[in-house]
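Protein chains: 2
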Amino acid sequence: MALGRPREFDTDTALDLALHVFWRKGYEGASMTDLTEAMGITKPSLYAAFGNKEDLFRKALDRYVDGPGGYFRTGLEKATAREAVEHILYESVEAVTDPRNPGCLAVQGALCCGDAAETIKQELMARRSKSEDDLRLRFTRAVADGDLPADADAGDLARYVSAILQGMAVQAAGGAPREQLRKLADMAMRSWPPV
Amino acid sequence: MALGRPREFDTDTALDLALHVFWRKGYEGASMTDLTEAMGITKPSLYAAFGNKEDLFRKALDRYVDGPGGYFRTGLEKATAREAVEHILYESVEAVTDPRNPGCLAVQGALCCGDAAETIKQELMARRSKSEDDLRLRFTRAVADGDLPADADAGDLARYVSAILQGMAVQAAGGAPREQLRKLADMAMRSWPPV
DNA sequence: AAAGTTTTCTACCGTTCAGTAGATAAGTCC
DNA sequence: GGACTTATCTACTGAACGGTAGAAAACTTT
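Residue numbers (the numbering used here), protein chains in the order written: chain A, 1 to 195; chain B, 1 to 195.
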């Protein structure tokens with residue numbers, strides 16, 4: 001067993017609680033007091049277990065990508081581009097309309113910010129860019145597989161799907177109900193693949 | 001002429017300078033020191049002229065809607081729904097890709113935030129909702145005018161265009177270049193009106 | 001010139017921010 | 001039991017936050 005006094009809280013559940021605070025308030029809007037109160041631990045415990053605020057956010061973000069945001073990765077593994085987009089769009093609707101945490105952490109975590117949060121903003125920009133690139137690669141493969149037209153531009157399609165996803169995230173942050181975003185996904189799918 | 005010592009700065013240009021700080025850093029990310037330094041005035045002058053931080057933001061937001069965001073209103077006045085959407089989409093591309101202030105103030109001003117900025121978040125949510133409703137009303141008229149199919153759902157179309165606009169704003173905040181967003185607008189227009 | 005009004009300035013207010021020092025408690029290892 | 005290690009607690013940094021007091025300066029009015 002580990003040496004020294006055992007930790008009295010579970011780091012994974014504490015990280016989940018921190019994640020939900022960042023999700024609701026954003027990186028800047030979440031104070032260390034907000035976080036420690038939600039996590040049920042004191043500040044020294046938090047700093048000892050997770051490093052500083054920036055470290056904590058990055059760990060929460062990783063957990064977000066593997067947990068509530070996991071539909072993105074599973075969607076990419078679907079057999080066709082159409083199935084992939086369908087899965088990602090509709091699962092995203094469910095994720096961003098969770099009434100306890102509306103919106104998407106990768107979008108609203110630090111869309112713009114003061115100087116102190118600049119590196120977090122950059123990190124989120126890079127993650128969004130990476131997601132779009134994953135979509136692009138998936139669509140490139142789809143063109144080769146023949147489940148997208150030969151003249152389809154994978155980059156354009158990836159950007160289009162990303163924009164729809166991000167638009168849905170903003171709408172959800174504004175309180176849009178699940179049913180309306182499903183209709184938005186319907187519209188996007190109805191014209192897939194776009195001409 | 002006005003009584004008392006004359007003001008040494010122009011309120012409109014000072015408000016423009018404040019607007020650009022809020023645009024780049026968001027409501028929470030913009031400190032009063034950021035604002036006064038950009039505006040070239042001291043804090044007491046700012047408070048005397050504009051009220052508190054919240055008042056200043058609201059005034060800057062009004063100026064945004066009438067200035068850089070004015071394309072929305074002019075777009076609604078176009079003859080057909082198609083022309084309206086076309087105008088709004090392409091003008092929005094230009095606005096959100098201004099390299100000095102990427103993105104859209106109504107989206108990134110306070111997409112999510114701490115408790116202190118909650119009322120500002122609500123204000124921006126209401127403005128986005130109002131814009132979507134303006135689109136919906138315009139499309140309803142378009143159905144009556146016959147420049148949209150009789151079975152078109154004005155609400156769905158408005159939500160779709162809003163999502164595209166907001167998606168573009170997020171992409172622009174992430175540094176997407178103008179040319180790529182133009183292609184995104186192209187895609188949205190190519191399938192207009194959506195089936 | 002004197003009174004009245006408003007802006008400007010420096011210096012400051014109390015609060016909250018992220019982050020930490022130092023003592024104590026709770027375990028393991030020998 | 002005693003040495004060692006690590007977590008927990010209270011209390012506290014210094015800096016930055018939004019916002020203001022009070023005196024001096026600049027104008028108009030009489």
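Positions of the beta carbon are idealized from the N, C-alpha and C atoms, including for glycine. Note that the coordinates shown come from a computational prediction; the quantities given were computed from them, not determined experimentally.
Since B/Pro44 is in the alpha helix (DSSP H), which residue starts that stretch and which ends it? Lys43 to Phe50
Mind the definition here: the stretch 120-138 of chain B touches the stretch 94-101 of chain B only if three or more C-beta pairs lie below 8 Å; say whether that holds. no
For the stretch 26-37 of chain A against the stretch 106-118 of chain A, do three or more pairs of beta-carbon atoms, one drawn from each stretch, fall closer than 8 Å, so that the two count as touching? yes
Mapping the DSSP letters down to three states, classify B/Phe214 as helix, strand or coil. With chain B covering 1 to 195 only, the question about residue 214 of chain B has no answer from this structure.
Any C-beta of chain B under 8 Å from that of A/Gly75: no
Out of curiosity, what's the CA-to-CA distance linking B/Gly146 and B/Ala38? 50 Å
What number of angstroms, rounded off, separates the C-alpha of A/Lys130 from the C-alpha of A/Thr11? 28 Å
At the level of alpha carbons, what is the spacing between B/Met32 and A/Arg138? 46 Å
Chain A within 8 Å of B/Pro149, Cβ atoms only: no
Among the residues of its own chain, which have a CB less than 7 Å from the CB of B/Arg127, if the five just before and after it don't count? Ala106
Which class does A/Lys78 belong to by DSSP, given the choice of helix, strand or coil? coil
Using 10 angstroms around the beta-carbon of A/Leu3, count the other beta-carbons present and answer buried if the total reaches 16, otherwise exposed. exposed
Contact belief for B/Arg190 with A/Pro194 at Cβ below 8 Å, rounded distance in angstroms: 6 Å
So is A/Met187 in contact with chain B if we call contact Cβ pairs under 8 Å? yes
For A/Ala95, name the three-state secondary structure that DSSP assigns. helix
Counting pairs of beta carbons, one from the stretch 168-187 of chain B and one from the stretch 148-166 of chain A, are three or more of them closer than 8 Å? yes
Please confirm if A/Leu56 has its CB atom under 8 Å from at least one CB of chain B. no
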